[in-house]
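The sequence shown maps to residues 0 to 266 in numbering that gives the first Met the number 0.
Yeah, the Cβ is synthetic: ideal placement off N, Cα and C, and Gly gets one too.
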Amino acid sequence: MADERPTGLKANKGIELLTWGTPNGWKASILLEELKEAYGKDYTWQGINISQNIQKEEWFTKLGPNGRIPVIVDHDKGGFAVQEGLAILTYLTRHYDPEHKFSFTDDLDVSRAEQWMAWQHGGLGPMQGQANHFNRFAKERIAYGMQRYTGETERLVGILDKQLKSNDFLVGNKFSIADIANFGWVHILRFSGVELDNFPSLKAWWERVLARPAVQRGLSIPSKSGLGNDTYMQKLKDDKEFAEKEHELREKVKAAKEQYGYKYSSP
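Below, the structure is given as structure tokens:
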């Protein structure tokens with residue numbers, strides 16, 4: 000399925016997921032796998048290779064006007080389409096989590112979950128995405144951008160680490176959509192230039208979430224990524240050339256921080 004080039008929807012019932020192996024894409028695939036395990040709710044997915052700009056094609060933007068993955072289509076509700084990870088998480092639990100295994104009934108816990116999801120949507124995701132851009136994908140290595148966004152990612156990660164010092168999960172001490180919303184970005188922290196080992200409570204949470212079978216399956220849709228903290232560390236051990244290039248990149252980020260007098264600070 001991952002190798003096929005989609006040209007439109009292919010299902011006519013249930014949920015159809017259009018996605019790719021990114022932190023945002025994993026939000027939808029992980030929750031759908033959890034719902035499948037908990038309630039037996041199956042779904043269909045198609046891999047949308049973002050490097051081929053399939054998400055910009057007209058058939059896709061009719062469903063997700065922003066031209067970004069993931070998008071879900073609920074064929075059982077007249078082909079209703081939902082874009083944006085946060086909206087997808089809330090839609091799926093509102094309609095398909097009747098026992099609230101991944102969501103909440105208490106009004107204050109509902110708000111707490113919404114806050115952590117909005118925090119990720121407006122903070123961790125965008126800032127870490129910019130760190131990836133300036134550290135890895137920009138044609139020019141711009142020191143200010145490298146230290147600015149790597150540093151802001153570290154600040155935000157520190158907030159998560161503090162929250163998790165006395166809590167196994169972000170809200171209500173149970174695994175929920177608040178955790179799913181944040182997990183994908185934490186899962187690629189090392190790729191983004193942030194050392195997960197410096198945040199022990201966050202690392203323990205990441206390990207707890209990663210150990211869930213449905214999470215493992217969700218991370219493999221459309222195929223297992225090499226960007227995860229676990230696979231990244233293994234590649235450092237196995238690939239000397241990769242390890243050398245990564246060391247050079249870390250030194251550049253370190254030099255950028257020194258150039259601008261960066262000091263880690265997180266509430």
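For F79, the enclosing beta strand (DSSP E) stretches over residues 79–82.
Annotated three-state conformation of E15 is strand, per DSSP.
Taken through DSSP and simplified to helix, strand or coil, I176 comes out as helix. Ranked by how close their Cα comes to the Cα of N23, the residues G260, I220, E250, T230 have I220 in first place. Between L226 and F198 the beta-carbon gap is near 18 Å, outside 8 Å, which marks them as no contact. DSSP places Y143 within a helical segment (H, G or I) once states are collapsed to three.
If you draw a straight line from the Cα of E57 to the Cα of K256, it is about 42 Å long. D73 sits buried, since 16 or more C-beta atoms from the chains shown fall within 10 Å of its C-beta.
Beta-carbon to beta-carbon, L31 and A180 are separated by about 14 Å, too far to satisfy the 8 Å threshold.
Cβ-Cβ distances below 8 Å link K9 to E15, T43, Q45 in the same chain, with the five nearest sequence neighbours on each side left out; the list follows chain order. As the crow flies, the alpha-carbon of K244 is around 28 Å from that of A203. Rounded to whole angstroms, the Cβ separation of Y259 and Q146 is 5 Å, and the two are in contact under 8 Å.
Contact between S222 and G20 holds: their C-beta atoms lie close to 6 Å from each other, under 8 Å. Note that the segment 142–156 touches the segment 124–133; at least 3 beta-carbon pairs, one per stretch, sit closer than 8 Å. W184 is not bridged by DSSP to any residue.
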